[in-house]
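In the numbering used here, the protein residues as written are 19 to 578. Note that the Cβ used here is the ideal one computed from N, Cα and C, for glycine as well.
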């Protein structure tokens with residue numbers, strides 16, 4: 019009986035404490051998720067093949083008043099791969115300055131061949147050639163021939179370690195038509211591992227119509243160790259957070275990546291019993307234009323909460339798993355487009371003094387479909403990602419706690435958009451970079467708390483301490499940053515201005531839905547160490563939104 023009374027008193031305290039215990043749990047889980055997302059971006063680096071600048075080639079104009087000449091009425095393509103390379107005639111036949119109807123002689127036919135050759139190079143067929151064979155032009159038909167440049171052999175450079183493998187990295191095999199896009203994809207699959215340095219060279223083969231690929235592949239060691247410390251935690255469960263990550267590159271000799279991250283609080287914050295810890299494991303494997311990945315994470319926290327009669331320990335655990343399959347659909351010299359499909363599952367529970375609060379138990383799962391695009395301009399880079407997530411009955415999903423009041427459902431539907439534009443700048447002898455990031459979310463159903471759009475903190479609207487946040491079913495976040503390089507050193511001073519707003523049915527009782535904040539900081543590296551120091555201020559917030567008048571933060575990391 020005494021145990022029941024004690025638990026009842028604890029529950030009363032949980033319901034009466036501002037913020038409510040459930041809100042504490044959601045805030046803590048949201049903070050853990052945001053930190054995990056930031057870690058994923060750092061631990062799964064994106065390796066992009068170098069973009070080749072557009073060559074300033076002279077215009078290929080048709081010669082005037084050529085003699086002798088023949089009026090061209092049609093242009094065709096000959097060869098066993100004519101259908102595959104039909105695009106080379108687009109500029110000649112239907113471009114803004116076509117050959118049809120022109121009287122062409124030897125020089126004009128040379129221009130036609132060169133235009134077709136440029137079309138091949140633009141599409142990546144750098145070893146394929148366009149030729150003109152003997153033919154009768156009297157009927158007015160010009161026929162061009164395509165000689166495909168094929169791959170003869172793949173080989174690694176002399177002295178390459180036997181661990182090197184290209185079978186799943188390069189999406190091209192001997193006998194295939196050689197395309198620069200395939201080589202770029204292979205380079206990205208090699209270089210996605212930070213410990214690997216790689217180059218691919220095209221070299222002539224004995225057959226004049228074929229080429230060899232010579233691969234330079236180097237790896238000093240297959241493992242990496244990273245350690246970091248920051249103050250991204252909360253006062254309730256530990257302000258200072260430490261992480262250790264062990265990464266294994268090319269462990270199965272398949273250009274695969276594995277890492278295991280351990281997180282643990284290092285103290286700081288409110289007095290009393292508190293703490294949080296967790297771990298994340300990731301494995302990914304490329305296969306040509308495909309990438310298969312799996313990530314699993316576990317986290318737990320506990321904090322001391324004052325009740326009306328006695329203090330109690332409020333705790334929570336969460337488990338997340340995600341299986342993803344990514345496919346690159348299209349790439350050219352300046353950009354690439356792809357899609358990803360994911361299956362995901364999430365479970366979470368909370369407890370008071372070790373007794374589970376069953377009404378707060380969560381179990382959701384479903385699928386996600388996404389499209390992504392990266393475009394390189396003269397000096398700027400634009401990234402776009404559009405995703406749609408659905409919750410289903412998969413993985414033993416449970417109704418969301420909010421479902422009772424119609425405030426959320428585990429059968430959620432939510433669409434998100436992430437964009438980022440980054441460009442360098444130079445002025446008055448100074449140089450730096452500017453970056454703008456836009457994140458937006460739109461809901462198709464009322465959303466449970468973990469899936470709502472939240473703002474306020476170092477990973478969203480900077481200038482706020484992150485102890486509280488604004489959240490809604492939908493929202494938008496705009497982050498702007500101006501960086502100034504400090505000479506030729508690897509250090510950068512930066513200024514940021516962020517704004518976010520939330521909306522949807524879950525915000526109807528809020529006094530305000532907007533946050534604006536500013537931040538100044540210094541980041542850089544020295545040898546194997548990196549740092550980020552910043553100071554931020556809230557500029558706009560609801561009157562009832564509690565945060566510090568100024569927020570300082572840091573992040574330190576070292577690689578071994």
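Around the beta carbon of residue 466, 16 or more other beta carbons lie within 10 angstroms, which makes this residue buried. For residue 206, the enclosing alpha helix (DSSP H) covers residues 198 to 209.
Here the alpha carbons of residue 415 and residue 136 stand approximately 55 Å from one another. Closest in alpha carbon position to residue 322, among 77, 255, 251 and 215, is 255. The criterion of a C-beta distance shorter than 7 Å is satisfied by residue 162 and residue 148. For residue 288, there is no enclosing alpha helix (DSSP H), as DSSP marks it with neither H nor E. Taking C-alpha positions only, residue 120 is separated from residue 102 by approximately 26 Å.
Considered as a whole, the segment 396 to 441 harbours 399 to 409 as its complete beta strand (DSSP E) runs of no fewer than 3 residues, in chain order. The Cβ atoms of residue 513 and residue 474 lie no closer than 7 Å to each other.
Between the segment 333 to 353 and the segment 307 to 317, the count of Cβ pairs shorter than 8 Å is three or higher; the stretches touch. Residue ranges of uninterrupted beta strand (DSSP E) with 3 or more members, entirely inside the segment 48 to 117 and ordered along the chain, are 92 to 96. By the CB criterion at 7 Å, residue 392 and residue 360 fall outside the cutoff. Taking 7 Å as the cut-off, the Cβ atoms of residue 345 and residue 356 count as close. With contacts defined by Cβ atoms closer than 7 Å, residue 405 and residue 382 do not form a contacting pair. In the three-state reduction of the DSSP assignment, residue 141 falls in the coil class. Here the segment 207 to 215 lies against the segment 265 to 274, with 3 or more beta-carbon pairs under 8 Å apart.
As computed with DSSP, residue 497 is found in a beta bridge with 455 and 516.
Nearest neighbour of residue 268 by Cα position, chosen from 304, 285, 298 and 46, turns out to be 304.
The Cβ atoms of residue 86 and residue 123 sit closer than 7 Å to each other.
Leaving aside the five residues that flank residue 258 on each side, the residues in its chain whose CB is nearer than 7 Å to its CB run, in chain order, 247, 249, 251, 283, 284, 285 and 286.
Looking at the backbone, the Cα of residue 503 and that of residue 551 are separated by about 15 Å. Excluding residues up to 5 positions away in sequence, 435 and 494 lie with their Cβ nearer than 6 Å to the Cβ of residue 458 in the same chain. Residue range 353 to 370 is occupied by the beta strand (DSSP E) that includes residue 367.
Spanning the alpha carbons of residue 143 and residue 244 requires a straight line of approximately 41 Å.
If you look at residue 393, you'll find it in the beta strand (DSSP E) that goes 380 to 394. Here residue 491 is near residue 470, since their CB atoms are less than 7 Å apart. Between residue 462 and the set 451, 481, 468 and 429, the nearest pair of CA atoms involves 429. Taking the Cα positions, residue 545 is about 17 Å away from residue 238. Non-local C-beta neighbours of residue 486 in its own chain, meaning closer than 8 Å and more than five positions away in sequence, comprise 37, 45, 474, 563, 564 and 565, ordered along the chain. Straight across, the Cα-Cα distance linking residue 96 with residue 118 is about 18 Å. The beta-carbon separation of residue 378 and residue 371, rounded to 15 Å, does not stay under the 8 Å limit for a contact. In the DSSP secondary-structure assignment, residue 228 is bridged to 168.
Taking the C-beta atoms as reference points, residue 133 is found no nearer than 7 Å to residue 60. In terms of Cβ geometry, residue 281 and residue 319 do not form a close pair [threshold 7 Å]. The DSSP-derived three-state label of residue 470 is coil.
Residue 201 holds the alpha-carbon nearest to the alpha-carbon of residue 189 among 201, 183 and 178.
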